[in-house]
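Here the sequence shown is numbered in our numbering, starting from 428 and rising by one per residue. Note that beta-carbon positions come from the ideal geometry of N, C-alpha and C, so glycine has one too. Worksheet for the structure shown next.
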Amino acid sequence: MDTIREPARDLPVIEDVDVVIAGGGPGGFPAAVAAARRGCKVLLVERYGILGGLASGGMMGPLFGYAYRKTDMILGGIPVEILEELKKLGGVREDYIKQKGAIQFFPEMVKHVADRLVLASGAQLLLHAWVTDVIRTGDRIDAVVIESKSGRQAVRAKLFIDATGDGDLAYWLGCDYTKGRPADGKTQPLGTKFRIGGVDMAKAHEHNQESNALVAKAIDEGRIPAYHTFAGEVSDQGITLRPDESTPTVTRCAGDATNVYDLTRAETSIRRDTLAIVDFYREHVPGYENCYLMETPFAVGVRETRQILGEYVLTGEDVLNSARFGDTVARGCWFLDIHCPLGRYNGRSNLCDKRCQIEPPCNMKRQHADQLYDNMFGFARNDENMWYDIPYRCFVPNKSANLLVSGRCISANHGGMSSVRVIATCFAMGEAVGAAAAQCIKTGVAPRNVNVPALQQDLRAAGVPL
Ligand SMILES: Cc1cc2nc3c(=O)[nH]c(=O)nc-3n(C[C@H](O)[C@H](O)[C@H](O)COP(=O)(O)OP(=O)(O)OC[C@H]3O[C@@H](n4cnc5c(N)ncnc54)[C@H](O)[C@@H]3O)c2cc1C
């Protein structure tokens, strides 16, 4: 490939803080709040103009990971504070607690709640700023380079948290990582949600069965570019709290979301497919005769890219076995949610395409398919065991002296990440990592030498059930 030499230049150091957090999504902004509340000087850097990542501008939801079916809430602390703040703004139902496994919310309100929590914590915020590189001495990050309308600048810190979803900082530092399923490295497909208004939901629901059959047939025949049906899907299966809206997750594009060409292709093909899907529903599906496309998200949704290797790799077996760890600092509670990397459709389900014979299997769904199907989503076991621990070791990348990771890019395999990636679990991981960062700053220890019992005690005191 042709190359060009970038001239060396001096960068202005615009901030010098204790902790920099790159990425203001579900794994990032709670980390900023947790570290700032513990007295650290914190800077949260986000590439877009809003906080919340896929949970706000990305329009993803409902909020998974708070509880599973009949279990009580398995999270406390900041994740529950977020729900309470959303409630004050009408962003969740008053009785959200009853929804447990899938809490509907207005993504718009997540932006406001995140702003409020971050600013009230005393953390500084820098929006419209991309973190584009790290400046290092050995395995220590001295500063990150940011790019914005103000130009190319640097920010110094004692400790960094990579909450970019893609593990950008860890990657630039040279930490080891894996990507995708073991057989061929292919990742889960990119996708979006979108909002359709003007739906006569009562009518759609009345014709649900026949409409679903009609749409499924059209998908099989290649007449509609969707992988899932949502004909009579009442709003409680989507994000919206409004009765005449539908917010389906039915678009897909296979690709590597760390490749700018794949990202570009995904954006345009999914937008094209979205219009075709809405047109099909308007023409063929009872209840959708007057529907219209209201909104698509600010950017295509990324399910899976780099998993940064730490001292422990959370596995799909850990999820299925409700694993317990002595160094737990957060809890997860979701099934192995692996969308076929090839973007295949499998009846009405997003689960692994049973026809796919790839070896080794990219997930355990094939092995556990019947169990999963019997239970719709998840574990065929008693309710008390429906959550698993996430060990602190998953947040400490190897080959790094002052870096922690949070959110979907933590140390996990293809199966493990498919569960921890959901929004509420990312909130919980963010709080744990922010508290760990604060201990590092206060005591001067490196992330890998954190006193885990003290961290657990600290988190429990903040209302986190462990
Ligand atoms: C199609 C789809 C449907 C989903 N549906 C659901 C669902 O129904 N329920 C659920 O709970 N979860 C769902 N998820 C999963 C969930 O939305 C994500 O896994 C979760 O948001 C991950 O949080 P995160 O903070 O790790 O990453 P993100 O939400 O991606 O946030 C990362 C943040 O970092 C910023 N950033 C990235 N790189 C940089 C950089 N270099 N410099 C500065 N900022 C940067 C981004 O702009 C973003 O704000 C879905 C995901 C997808 C893709």
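Run the proximity test for residue i: is its beta-carbon closer than 7 angstroms to any non-hydrogen atom belonging to ligand 1?
i, result
"K515", "no"
"V472", "yes"
"I765", "no"
"V540", "no"
"I505", "no"
"A547", "no"
"T674", "no"
"A458", "no"
"W599", "no"
"P434", "no"
"M487", "yes"
"V849", "yes"
"Y475", "yes"
"A839", "no"
"L481", "yes"
"V558", "yes"
"A449", "yes"
"D595", "yes"
"P453", "yes"
"K620", "yes"
"G834", "yes"
"V729", "yes"
"F491", "yes"
"C853", "yes"
"G759", "no"
"G528", "no"
"T701", "no"
"A590", "yes"
So, helix, strand or coil for residue i, using DSSP?
i, result
"L799", "Any reading at L799 is ruled out, since the residue's pLDDT is 41, under 50, leaving its predicted position unreliable."
"V756", "strand"
"E722", "strand"
"V879", "helix"
"R820", "helix"
"Q866", "helix"
"L769", "coil"
"Q615", "coil"
"A851", "helix"
"L736", "coil"
"L893", "coil"
"V446", "strand"
"R793", "Reliability of the predicted coordinates at R793 is poor, the pLDDT of 46 falling under 50, and no value is obtained from them."
"Y688", "helix"
"G805", "Low local confidence applies: a pLDDT of 44 at G805 is under 50, so the model's placement there is unreliable, with the coordinate-based value given in what follows. Of the three classes helix, strand and coil, the one that applies to G805 here is coil, per DSSP."
"R835", "helix"
"D663", "Unreliable placement is indicated for D663, whose pLDDT of 49 sits below 50; the coordinate value is still reported in the next sentence. Three-state result, D663: helix."
"V440", "strand"
"I431", "coil"
"R622", "strand"
"L741", "strand"
"L830", "strand"
"G728", "strand"
"Y708", "helix"
"S673", "strand"
"A873", "coil"
I believe residue i touches residue j by the beta-carbon criterion, under 8 angstroms. Please report the beta-carbon distance rounded to the nearest angstrom.
i, j, result
"A851", "L490", "5 angstroms"
"V558", "L596", "7 angstroms"
"D754", "V879", "5 angstroms"
"L470", "V582", "6 angstroms"
"V677", "F657", "6 angstroms"
"L478", "A550", "Not confirmed; about 11 angstroms, so no contact."
"I623", "S548", "I623 to S548, Cβ: 37 angstroms. No contact."
Quick check on the DSSP output: what are the complete beta strand (DSSP E) runs of length 3 or more inside the region 451 to 533, in order along the chain? 469 to 472
For the region 522 to 608, list the beta strand (DSSP E) runs that are entirely contained and at least 3 residues long, ordered along the chain. Counting only runs of 3 or more residues that sit fully inside the region 522 to 608, the beta strand (DSSP E) segments are 551 to 553, 557 to 564, 567 to 575, 578 to 589 and 604 to 606, in chain order.
Is there contact between the region 648 to 660 and the region 738 to 758, where contact requires at least three CB pairs shorter than 8 angstroms? no
Are the region 600 to 615 and the region 696 to 707 in contact at 8 angstroms, needing three or more beta carbon pairs? no
Counting beta carbon pairs with one atom in the region 848 to 866 and one in the region 718 to 728, are three or more of them shorter than 8 angstroms? no
Is the region 521 to 534 in contact with the region 476 to 485, if contact means three or more CB pairs nearer than 8 angstroms? These segments touch.
I'd like to know if the region 626 to 645 and the region 858 to 877 are in contact, where contact means that at least 3 CB-CB pairs between them fall below 8 angstroms. no
Using a Cβ distance threshold of 8 angstroms, determine whether the region 730 to 741 contacts the region 584 to 596, with at least three qualifying pairs required. Contact between the region 730 to 741 and the region 584 to 596 is established, with three or more Cβ pairs separated by less than 8 angstroms.
On the three-pair Cβ rule with 8 angstroms, is the region 567 to 587 touching the region 496 to 513? no
Could you say if the region 815 to 828 and the region 464 to 478 meet the contact criterion of at least three C-beta pairs nearer than 8 angstroms? no
Check whether the region 598 to 610 and the region 859 to 869 touch, using three or more Cβ-Cβ pairs below 8 angstroms as the test. no
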